[in-house]
Each structure stands twice: as C-alpha cells, then as structure tokens.
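Notes follow the structure.
There are 2 protein chains.
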Amino acid sequence: MARPREFDIAKALDGAMRVFWRQGYKATNLPDLLCAMKLTRGSFYKAFGDKGAVYYHALERYDEEVVSANLAALKACDAPDATTCLMPMFTLSDAADHGCFICNAMVEVAPDNPKVAQKTQEMADRLKQGILGVLEVRDVGLSPAHRTDLAEMILHLYFGFQAMGKSGRAQDDWEGRIRRLLGEG
Amino acid sequence: MARPREFDIAKALDGAMRVFWRQGYKATNLPDLLCAMKLTRGSFYKAFGDKGAVYYHALERYDEEVVSANLAALKACDAPDATTCLMPMFTLSDAADHGCFICNAMVEVAPDNPKVAQKTQEMADRLKQGILGVLEVRDVGLSPAHRTDLAEMILHLYFGFQAMGKSGRAQDDWEGRIRRLLGEG
DNA sequence: GTAGTTAGGAACTGATTGGTTTCTAATTTA
DNA sequence: TAAATTAGAAACCAATCAGTTCCTAACTAC
Numbered sequence: 009m010a011r012p013r014e015f016d017i018a019k020a021l022d023g024a025m026r027v028f029w030r031q032g033y034k035a036t037n038l039p040d041l042l043c044a045m046k047l048t049r050g051s052f053y054k055a056f057g058d059k060g061a062v063y064y065h066a067l068e069r070y071d072e073e074v075v076s077a078n079l080a081a082l083k084a085c086d087a088p089d090a091t092t093c094l095m096p097m098f099t100l101s102d103a104a105d106h107g108c109f110i111c112n113a114m115v116e117v118a119p120d121n122p123k124v125a126q127k128t129q130e131m132a133d134r135l136k137q138g139i140l141g142v143l144e145v146r147d148v149g150l151s152p153a154h155r156t157d158l159a160e161m162i163l164h165l166y167f168g169f170q171a172m173g174k175s176g177r178a179q180d181d182w183e184g185r186i187r188r189l190l191g192e193g
Numbered sequence: 009m010a011r012p013r014e015f016d017i018a019k020a021l022d023g024a025m026r027v028f029w030r031q032g033y034k035a036t037n038l039p040d041l042l043c044a045m046k047l048t049r050g051s052f053y054k055a056f057g058d059k060g061a062v063y064y065h066a067l068e069r070y071d072e073e074v075v076s077a078n079l080a081a082l083k084a085c086d087a088p089d090a091t092t093c094l095m096p097m098f099t100l101s102d103a104a105d106h107g108c109f110i111c112n113a114m115v116e117v118a119p120d121n122p123k124v125a126q127k128t129q130e131m132a133d134r135l136k137q138g139i140l141g142v143l144e145v146r147d148v149g150l151s152p153a154h155r156t157d158l159a160e161m162i163l164h165l166y167f168g169f170q171a172m173g174k175s176g177r178a179q180d181d182w183e184g185r186i187r188r189l190l191g192e193g
C-alpha cells in the first residue's frame with residue numbers, strides 16, 4: 009500500500025560519492041549534491057536525513073567499490089614481483105584525478121568527526137592488508153615484522169603521493185623507487 | 009600626517025596562520041579569523057583585502073617560520089646518522105597536532121587555487137632540499153640519483169604520515185623504518 | 001475505492017556567509 | 001591647527017547555507 013521508491017539508492021549514493029570525492033564536504037552544497045544524486049530536496053531528506061549522513065554513506069560506497077576493486081586487483085595480480093602489482097596504486101588515472109577519497113576525508117573531515125575518522129582508518133587498514141598480501145605471496149625471505157613495516161611504508165607513500173598530487177605536482181618514476189624499496193631492483 | 013598602524017601585521021598573520029592551519033580555509037569564518045588576528049572587520053579589510061589574500065599570506069608565514077625552522081634544524085643536526093636528524097619530522101608535537109599546513113592546503117585548497125597550488129609545491133620542494141641536504145652530508149656512498157630518490161620518498165612518507173595523523177591514527181615505530189630505508193640499520 | 005507512501009516542485013525558514021559602509025575618536029606630521 | 005589616516009564599533013548588505021513545509025500528482029496494496 010505504498011508507492012515504491014523510483015530512484016536507485018545505490019546509484020544516488022554513487023553520485024554523492026563522486027561529488028564529495030571531487031569537491032570535498034564543505035565545498036559541496038545541497039544543489040551540487042542533489043544534482044549529482046539526481047534527487048530533489050524532498051526525496052533527499054526523506055531518504056537520507058541530512059548532508060552529513062550522506063557523506064558517511066558516500067565513504068562506505070567508496071570502500072565497497074573503489075577500495076574493494078583495488079584490493080581485488082592486488083590479489084589477482086600474477087606478476088612475479090610485488091612492484092608490478094603495486095604500481096597501479098601510484099598511477100593517477102583519469103577517473104581519479106581528484107585524488108584519493110580516503111586521503112581527502114582524513115584531512116578535511118576526520119579531525120572533527122569521529123565516525124569519519126574511524127571509517128577512514130578502517131579503509132586505510134584494508135589497503136594495508138592488501139599491500140601486505142602482495143608482499144606475503146612474493147618476498148618470502150622477509151621476516152613478518154619487516155614485511156608489515158614495508159606495507160605500512162608503502163601505505164604512507166601512497167597517501168603522501170595522493171596529497172601531493174592534489175597540488176598538481178608532476179609525477180616521477182615511482183616504479184624504480186618501489187622496486188628498490190622492496191629490494192627487487 | 010597619518011595615524012600609524014597600531015597592530016602588528018606580522019603578529020596578525022601569525023594568528024591567521026594558526027587558525028587556518030588548525031581549521032582549514034572553508035571551516036574558518038570571518039569571526040574566527042578576526043578573533044585569531046585580534047582585528048576588527050574594518051582594519052582587516054583595509055589592511056588585507058579579503059579572506060583569500062590572508063590565507064595566502066598565512067601560507068607564506070608558515071613557510072618563513074615553520075618550514076624555515078624545520079630546515080634550520082635539519083642543517084644544524086650533528087648526529088652522525090641521517091635518521092636521527094630526520095626523526096623530528098615524524099614526531100607530532102603538541103604545537104602541531106593539527107597536522108602539516110602544507111599538506112592541509114594541498115588537499116583542501118590547491119585543487120581550485122593555482123597560486124596556492126604553486127606555493128605548496130615550492131614549500132614541499134624546500135622541505136625536499138632540506139632532506140636531501142641531510143643525506144648529502146652523510147650517506148656519501150649513494151649515487152646522486154639514488155639520493156634524490158630517497159629524499160623524494162621521505163618527503164612523500166612525511167606527507168602520508170601527516171594525512172593519516174589527522175584521522176587520529178596511533179603512530180608506530182618510524183625510526184626503525186627510516187633507518188632501514190636509508191640502510192642505516 | 002481507499003489508505004499509505006512516493007516524487008517533484010516550489011516556497012519558505014532562520015542562520016550564517018563574506019564583504020561594505022558609516023560613524024566617532026585617536027594619533028600623527030606638516 | 002589642519003590634513004590624513006588609523007582604530008573600533010555597529011549597522012547593514014545581498015547571497016548562500018542547510019533544512020522544512022506544503023502542495024499536487026502518481027503509484028501500489030489491500
């Protein structure tokens with residue numbers, strides 16, 4: 009006894025993810041957000057509550073889509089060396105030329121939003137585990153502690169890379185660097 | 009034949025630097041900014057023009073004060089190993105528990121402000137040169153190209169470290185990692 | 001058909017935004 | 001003393017902000 013929802017919640021959140029990813033939280037106003045979600049104000053507030061809630065859901069979708077796809081690619085890689093598998097993380101694709109949503113959320117939103125802070129940490133941990141998995145399958149000579157350290161360093165390199173990318177800095181030869189870091193030179 | 013300015017421009021910009029550093033550009037409104045600069049609206053607009061101009065000046069002051077102090081410390085360090093000299097960069101002091109202003113500006117402002125983008129790149133380059141200086145005095149066995157690569161990696165590690173720090177993540181043993189990265193283990 | 005829920009659109013709220021103007025009083029140099 | 005410039009406070013501006021309300025129309029299940 010009710011008219012069914014016409015828009016697709018997942019698709020709407022996809023649009024929200026994209027616009028928050030590109031513009032950040034504060035810089036995205038309601039009209040921007042509604043346009044990206046293809047929703048009107050009424051439907052928006054009835055379905056999601058408020059802007060902050062949608063931002064969190066957008067983070068969740070980034071986790072489910074982008075991060076998961078990233079992890080799957082790391083896992084599926086069959087190159088014999090770890091560097092080759094990790095390189096895509098250090099190639100700014102056209103689709104992601106606005107940086108990494110996790111990094112953006114950490115810097116802009118996390119400091120005064122504990123829920124977002126925790127979510128970004130969880131996502132960073134997932135990435136780290138993915139990197140660790142790549143190392144475990146290959147550089148078997150390393151001690152587990154050393155391997156964890158390397159994964160953490162690559163994760164930090166990744167975030168630093170993403171942050172600097174947002175200033176438009178030209179990117180350099182990361183393959184050689186990662187290779188040397190992992191002793192695969 | 010004119011009443012002299014009573015407030016200290018440098019001190020006012022210092023206050024602006026602190027509040028922008030802590031809160032970011034968008035999250036800092038005029039009342040916040042005026043309070044931090046200890047200025048009234050009238051004096052503010054007459055002396056500086058607008059909020060955006062003050063943000064840029066705040067970045068410049070960060071460069072002159074914080075970055076310069078950082079570089080001076082790197083240069084003055086007399087420890088025999090590079091790691092010991094670089095470690096302070098990876099220790100979040102109380103004074104800077106809101107991260108690194110350069111990193112914040114890169115992520116929040118640089119994407120749609122070319123002047124800020126260029127300034128952050130210049131500041132990052134200064135940091136890199138400082139790191140490079142530390143390496144040049146010590147690890148003389150390295151080739152120049154390898155040394156530049158290492159400096160760039162440490163710079164990226166630093167920015168990644170700062171970004172992740174904003175999510176409140178507990179910090180781990182960076183001394184061991186840097187030491188191993190530089191072959192000083 | 002009717003109850004219940006949705007969509008879409010528009011109007012509206014109260015608060016806040018960055019920025020301007022206008023006033024008086026103070027302080028300087030010539 | 002007179003011209004010039006500042007400080008400080010307040011009122012004011014138009015625009016924008018997130019969020020609410022109200023309306024009609026559409027749709028589904030009972």
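Chains as they are written, first to last, in this note's numbering: chain A, 9 to 193; chain B, 9 to 193.
Quick reminder that beta carbons are idealized off the backbone N, C-alpha and C, glycines included.
Which residues in the same chain as D102 of chain A place their Cβ atom closer than 7 Å to its Cβ, once the five residues preceding and following it in sequence are excluded? Residue 102 of chain A sits at position 94 when you count from the first residue of the first sequence. Note that D102 of chain A scores 43 on pLDDT, short of 50, meaning its location in the model is unreliable; the coordinates nonetheless yield the value given after this. For D102 of chain A, where only same-chain residues beyond five positions count, there are no Cβ hits under 7 Å.
A125 of chain B and A118 of chain B - do their beta-carbons sit closer together than 7 Å? Position 110 of the second sequence, counting from 1, holds the residue named residue 118 of chain B. Position 117 of the second sequence, counting from 1, holds the residue named residue 125 of chain B. Closer than 7 Å, so yes.
Taking only runs of the alpha helix (DSSP H) that begin and end inside the region 79-103 of chain A, which ones reach a length of at least 4 residues, in chain order? 90-94
Quick one: Cα of A84 of chain A to Cα of W182 of chain B, how far? Here residue 84 of chain A corresponds to residue number 76 of the first sequence, with the count starting at 1. Here residue 182 of chain B corresponds to residue number 174 of the second sequence, with the count starting at 1. For A84 of chain A and W182 of chain B, the distance between alpha carbons rounds to 31 Å.
Identify the contact partners of E160 of chain B in chain A, using a Cβ-Cβ distance below 8 Å as the criterion. Taking the second sequence and counting its residues from 1, one reaches residue 160 of chain B at position 152. Those within 8 Å of E160 of chain B in chain A are D180, R185.
Buried/exposed call for P80 of chain B, threshold 16 Cβ in 10 Å: Position 72 of the second sequence holds residue 80 of chain B. In the sequence as displayed, the identity of residue 80 of chain B is Ala instead of Pro. Answer is exposed; the Cβ neighbour count stays below 16.
Using the Cβ count rule (16 or more neighbours within 10 Å means buried), how would you classify G149 of chain A? For this step, residue 149 of chain A is matched to residue 141 along the first sequence. The residue is exposed, with fewer than 16 neighbouring Cβ atoms inside 10 Å.
If you compare alpha carbons, which of B:L140, B:L189, B:D180, B:M45 is closest to T156 of chain B? Sequence index remark: in the second sequence, residue 156 of chain B carries index 148 (1-based). Ranking the options by Cα distance to T156 of chain B, first place goes to B:L140.
Between N78 of chain B and G138 of chain B, which are expected to be in contact by the criterion C-beta below 8 Å, what is the C-beta distance as a whole number of angstroms? For this step, residue 78 of chain B is matched to residue 70 along the second sequence. For this step, residue 138 of chain B is matched to residue 130 along the second sequence. Under the criterion of beta carbons closer than 8 Å, N78 of chain B and G138 of chain B qualify as touching, at roughly 7 Å.
Taking K46 of chain B as part of the alpha helix (DSSP H), name the residues at either end of that continuous run. Here residue 46 of chain B refers to the residue found at position 38 when the second sequence is read from its first residue. Here K46 of chain B belongs to no alpha helix (DSSP H), and DSSP marks it neither H nor E.
Could you confirm whether any beta carbon from chain B is found closer than 7 Å to the beta carbon of Q129 of chain A? Counted from its first residue, the first sequence places residue 129 of chain A at position 121. Yes, its Cβ sits closer than 7 Å to a Cβ of chain B.
Nearest residue (CA-CA) to C111 of chain A, options A:R185, A:R30, A:V62: Counted from its first residue, the first sequence places residue 111 of chain A at position 103. For the residues A:R185, A:R30, A:V62, the minimum Cα distance to C111 of chain A belongs to A:R30.
Mind the definition here: the region 16-25 of chain B touches the region 58-71 of chain B only if three or more C-beta pairs lie below 8 Å; say whether that holds. Counting Cβ pairs under 8 Å, three or more are found: they touch.
Quick check on DSSP: helix, strand or coil for G57 of chain A? Along the first sequence, read from residue 1 onward, the residue named residue 57 of chain A stands at position 49. Coil.
At 8 Å on the CB atoms, spell out the chain B contacts of S51 of chain A, in chain order. Start at 1 with the first residue of the first sequence, and residue 51 of chain A comes out as number 43. None at all; the shortest Cβ gap to chain B is about 27 Å.
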